[in-house]
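Visitor:
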Amino acid sequence: MYNAKPEDKFTFGLWTIGNPGADPFGTTVRERLTPSQIVEILAEVGAWGVNFHDNDLVPIDATPVERDQIITDFKKVLADSGIVVPMATTNLFSDPAFRDGAFTSNDPKVRAYAIHKTMRAMDLGAEFGAKVYVFWGGREGTETDAGKSALDAGKWFREAINYLCEYNIDQGYDYKFALEPKPNEPRGDIYLPTVGSALGFIATLDHSDMVGVNPEVAHEHMSGLNFMHAIAQAWDAGKLFHIDLNDQKIGRYDQDFRFAAESIKQAFYIVKFLEDVGYDGSRHFDAHAYRSSDLEDVKAFASGCIRSYLILKEKAEKFNADSEIQGLLAEITTDDGSMSQYVGQYSSEKAAALKDYGFDRVELGRRGQPYERLDQLVFELLMGVR
Ligand code: GLT
Ligand code: MN
Ligand code: MN
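Everything in the sequence shown is counted per numbering that gives the first Met the number 0, starting at 0 for the first residue and increasing by one.
1. Threshold first: 4 residues or longer. Then list the alpha helix (DSSP H) segments lying entirely within the stretch 263-314, N to C.
2. Tell me whether residue 233 is buried or exposed, calling it buried when 16 or more other Cβ atoms sit within 10 Å of its Cβ.
3. Beta carbon of residue 219: closer than 7 Å to some heavy atom of ligand 2?
4. DSSP state of residue 13, grouped into three classes?
5. Is residue 261 closer than 8 Å to residue 248 when the C-beta atoms are compared?
6. Can you name the start and end residues of the beta strand (DSSP E) that residue 210 belongs to?
7. Between the beta-carbon of residue 212 and the beta-carbon of residue 197, is there less than 8 Å?
8. Buried or exposed: where does residue 350 fall if 16 or more other Cβ atoms within 10 Å of its Cβ makes it buried?
9. Taking a contact to mean a Cβ-Cβ separation below 8 Å, would you say residue 160 touches residue 123 in this structure?
10. Quick one: is residue 132 buried, meaning 16 or more other Cβ sit within 10 Å of its Cβ, or exposed?
11. Report yes if the C-beta of residue 215 is less than 7 Å from at least one heavy atom of ligand 2; otherwise report no.
12. Just tell me which of 35, 118, 109 has its CA closest to the CA of residue 139.
13. Helix, strand or coil for residue 122, going by three-state DSSP, please let me know.
14. So residue 244 and residue 300 are supposed to be a Cβ contact under 8 Å. How far apart are they, rounded?
15. Between 218, 188, 335, 206, which has its C-alpha nearest residue 194's C-alpha?
16. Give every residue of the same chain whose Cβ lies closer than 7 Å to the Cβ of residue 39, excluding the five residues on either side of it in the sequence, and list them in chain order.
17. Would you mind stating whether residue 46 and residue 9 have Cβ atoms separated by less than 8 Å?
18. Taking its Cβ as the centre, do 16 or more other Cβ atoms sit within 10 Å of residue 338, making it buried, or is it exposed?
19. Would residue 91 and residue 111 qualify as a contact pair, given that the criterion is a beta-carbon distance under 8 Å?
20. Leaving aside the five residues before and after residue 83 along the sequence, list all residues of the same chain whose C-beta is less than 6 Å from its C-beta, in chain order.
21. Compute the minimum distance between the beta carbon of residue 88 and the heavy atoms of ligand 1, and state whether it is under 7 Å.
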């Protein structure tokens, strides 16, 4: 029960399973796993794919010969395990060169280096057949706004993405770019902090059709926002190119907990949304095991993400098939059709007729909705007593 199938498209990053447990207050607690060891674990838990930053696979100071050897070795492990690489990305945050940002650094040479590094990382991802390219701008931001123009930063960001879209076309890579918003951490404030702001920015790009979003549960929850609403807006705009599933307590630092570890109801609505609309992209778990975990527990973390998703998928099916729930929904959304002659597509006749219509405002205000009953049914369904 609850075993992953390839069509579920469950993926993890090398950095997720491989997270050695360091935090700002303590050192690593687990042995560093090699990319091959990570792929073996992913195959064991039934994942479909693995994603990586350039330097998760090829160390930043590797020679070209070392790079080629690493690529050859990793291709072999992938072929042996059947694990694919659907997404790649660039590490534009670890190296001290990026301490004041990458595409939005005040230093023009750093901005150029960020583009250089990204093009090379795009080459690497393309070698493995990746089709989605993620941009998480972890260092794109400020601690003090005294030293950087938010307008210039936006222009530099736009110029960089425009440039890289052209490179994508030039090379025939056919990547879809997915911008990943986050409100803060590691910067005091990060530019494009939410899914909504990223969608606004994308509309200003030269090749906006090529660029969408990679929303992460924890990143919207850090701001106290409703993640399901955010992905619904992205989906509606045709921009949900990728998704980072994980969990965390609202308003805290970026905890990257196992999917559904914290907010069970929210996780349920996320899964239900993805399944109901027929989202067909990777279901990527961007999370890591607790610092207290050993290797066995890291495996439990990985299969926990997968199992929780599949359990919630089953609950979503039950929700859709539950006659009492569906009856309440029908009551909630009932429509006698009497208003359709006044609304929908605008015409001056409709507008005139609608303005003349005599609404019984007091009567409208008398109507309640059975959301208490419905929400309790959802709770009971999730608790397994329905
Ligand atoms: C980093 C970050 C994530 C991003 C990854 C991709 S790296 O772990 O916390 O949210 O998705 O760059
Ligand atoms: Mn995160
Ligand atoms: Mn992420």
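For each residue, glycine too, the CB sits at the ideal point set by N, CA and C.
Guide: So, from the data block:
1. 263-276
2. buried
3. no
4. helix
5. yes
6. 210-212
7. yes
8. exposed
9. no
10. buried
11. yes
12. 109
13. helix
14. Contact flag wrong, Cβ pair sits at about 13 Å.
15. 218
16. 80
17. yes
18. exposed
19. no
20. 48
21. yes
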